[in-house]
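Visitor: The C-terminal residue of the sequence shown carries number 79 in the numbering used here, and the numbering is unbroken.
Using N, Cα and C, we set each Cβ at its ideal position, and we do this for glycine too.
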Amino acid sequence: MQDSDVRTPNRPRDEIARLGDEIYERDIRPQVEPTHLGDVIAIDVASGDYALADTARLAARGLRERRPEADVWLRRVGRSTLRHFGGGSSRRTE
């Protein structure tokens, strides 16, 4: 990761997470899950703007090209987390 990829967020991390999940569920999920399942999404919690990519780094970079000061929330499309450890799936069953 380059120094330019790392910045101090404007909001506390728990607030970024809450806002990111709210925006994803309310505004983005129906648009992206049918065609981007498994991709990584980077969401700017201030504007609701987002970018999709194969990796977290590429998704965040794509979003920051448009919104350099973004507080970015990352997650995997179709899952509640970006990564998981151990057995079992975090995939939605709804």
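1. Going by Cα to Cα distance, which pick from VAL30, ALA36 and GLY5 is closest to VAL17?
2. Identify the residues that DSSP records as bridge partners of VAL30: which are they?
3. Under a Cβ-count criterion, where at least 16 other Cβ atoms within 10 Å of its own Cβ denotes burial, should ASP12 be classed as buried or exposed?
4. Give the range of the alpha helix (DSSP H) segment to which LEU67 is assigned.
5. Going along the chain, which residues of its own chain have a beta-carbon closer than 8 Å to the beta-carbon of ASP(-12), five neighbours each way excluded?
6. Could you check if ASP(-1) is buried or exposed, using at least 16 other CB atoms within 10 Å of its CB as the buried criterion?
Guide: Here's the rundown:
1. ALA36
2. DSSP output for VAL30 lists no bridge partner at all.
3. Under this definition ASP12 is an exposed residue.
4. It is not in any alpha helix (DSSP H) - LEU67 carries neither H nor E in the DSSP assignment.
5. For ASP(-12), the predicted model reports a pLDDT of 42, less than 50, meaning its position is unreliable; a value from the coordinates is still stated below. Within the same chain, ASP(-12) has no close Cβ partners at all.
6. exposed
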